[in-house]
Amino acid sequence: MKLTVNIDHIATLRNARGEFEPDPVHAALIAEKSGADGIVCHLREDRRHIKDHDVFKLRESISTKLDLEMAAVPNIIKIARKAKPDLATLVPERRKELTTEGGLDLQKNKSSLKKTIDLLHEKEILVSLFIDPVKSNVEIAKEINADMIEIHTGKYAEAKSKKEKLKQLNLIRDIAKYGKEIGLGVNAGHGLNYINIFPIIRIKEIDEVSIGYAIIVRAVYIGLENAVKEMKNIIKRK
Ligand code: PXP
Numbered sequence: 109m110k111l112t113v114n115i116d117h118i119a120t121l122r123n124a125r126g127e128f129e130p131d132p133v134h135a136a137l138i139a140e141k142s143g144a145d146g147i148v149c150h151l152r153e154d155r156r157h158i159k160d161h162d163v164f165k166l167r168e169s170i171s172t173k174l175d176l177e178m179a180a181v182p183n184i185i186k187i188a189r190k191a192k193p194d195l196a197t198l199v200p201e202r203r204k205e206l207t208t209e210g211g212l213d214l215q216k217n218k219s220s221l222k223k224t225i226d227l228l229h230e231k232e233i234l235v236s237l238f239i240d241p242v243k244s245n246v247e248i249a250k251e252i253n254a255d256m257i258e259i260h261t262g263k264y265a266e267a268k269s270k271k272e273k274l275k276q277l278n279l280i281r282d283i284a285k286y287g288k289e290i291g292l293g294v295n296a297g298h299g300l301n302y303i304n305i306f307p308i309i310r311i312k313e314i315d316e317v318s319i320g321y322a323i324i325v326r327a328v329y330i331g332l333e334n335a336v337k338e339m340k341n342i343i344k345r346k
C-alpha cells in the first residue's frame, strides 16, 4: 500500500500570517524524502489554503506524483489542464464546510463528471472519484470512465461505537474488492490517523491512502520527516 501526503494544512499555516513560510513545496520535498509516494493538494474554489501558484510550483518541484484534489468546475478544470498533475481527484465542494464532508453524488452529476473526466483525459491526467462506499457509485465511476476511486473513510474514522466502526470498515472492504474486480484503481482517505489506519492496511485491494491532517498535526510535535516516516512504517508492515 502506498502513502500520499496531503500538504493543504502547511498552506493553512502559511496563510495565517500572509507570509511565505511554511512553504508547502518545501514540506512536500521533506515528505517525499521521508517516504511519501505522492503529494496531494486541494485547490479549493475559495483558495483558503493552496493557491494556484502552489500547484504549479509543486508540479515543477516534486519527483513522485502529484494528486490534485478539485471540484469539477470550469475554472479549476482549466488550471488542472494547464498544471497537468499526474492524478486529479474529483471531490464535491461546499463553501462553508471545514473539510470535504461527503463523497460525490455520482447519480446526480453523472454527465458533468463524465465531461470533466474527458477534459482531463485529453491532457493525460488520470482521474479518481471521491465516493462514499456504495456499490452503485463504483458502477457509475466505471461507466463514466474514471481510472480509480477514492473511498471516503470519514464515516469509519468518526464512528463512535465499535459496531458502527466495524460496519463502516466492512463497507470499505466490500467496495474496495468490488472496485478492483471491475478494473478500477482503489484509493482511500479522510480522517485516517496513526491508530485507525491499522484495519485499513489489511485491505489488500486498497492501493493507496491519502492522509493530511493527522500527519501535519503529528509533525508539530515530532517534525514532518518523523511524522511521515512513522506513517510509512505502519503502512509498510502490511
Ligand atoms: N482525501 C480527500 C478526497 C480529501 O478531501 C481529504 C481532505 O482534504 C483527504 C483525503 C485527507 O483527509 P485528512 O486531512 O483527514 O487526512
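Converting from the sequence shown to my numbering requires adding 108 to each position, the first position being numbered 1.
Cβ coordinates follow ideal geometry from the N, Cα and C atoms, glycine included.
Since the structure is predicted, the reported quantities are computational estimates derived from the model, not experimental observations.
Hey, how far is the Cα of Leu227 from the Cα of Lys270?
Each residue's Cα considered, the two are about 42 Å apart.
Could you check which residue in Ile259, Gly287 and Ile185 has the C-alpha nearest to that of Gln276?
Measuring from the Cα of Gln276, the nearest candidate turns out to be Ile259.
Give the single residue among Ala136, Cys149 and Arg156 whose Cα lies nearest to the Cα of Asn123.
Ranking Ala136, Cys149 and Arg156 by Cα distance to Asn123 puts Arg156 first.
For the candidate residues Val336, Lys344 and Ile280, whose alpha-carbon lies nearest to that of Glu140?
Residue Val336 is the option with its Cα nearest to Glu140.
Touch check for the segment 280–288 and the segment 321–338: three-plus C-beta pairs under 8 Å?
Because the criterion of three Cβ pairs below 8 Å is not met, the segment 280–288 and the segment 321–338 do not touch.
Where do the N-terminal and C-terminal ends of the alpha helix (DSSP H) with Val336 fall, by residue?
Unbroken alpha helix (DSSP H) run through Val336: Leu332 to Lys344.
Are the beta-carbon atoms belonging to Leu292 and Met256 less than 8 Å from one another?
Yes. Within cutoff.
When you compare only the Cα positions, how much space is there between Ser142 and Leu121?
Their backbone Cα atoms lie some 21 Å apart in a straight line.
Under 7 Å: does the beta carbon of Leu234 sit that close to some heavy atom of ligand 1?
Checking every heavy atom of ligand 1 against the Cβ of Leu234, none is found closer than 7 Å.
What's the call for Arg202, buried or exposed, on a 16-neighbour Cβ count within 10 Å?
By the neighbour-count rule (16 or more Cβ atoms within 10 Å), Arg202 is not buried but exposed.
Measuring straight from C-alpha to C-alpha, what distance separates Asp162 and Gly146?
Taking the straight line joining both Cα atoms gives about 15 Å.
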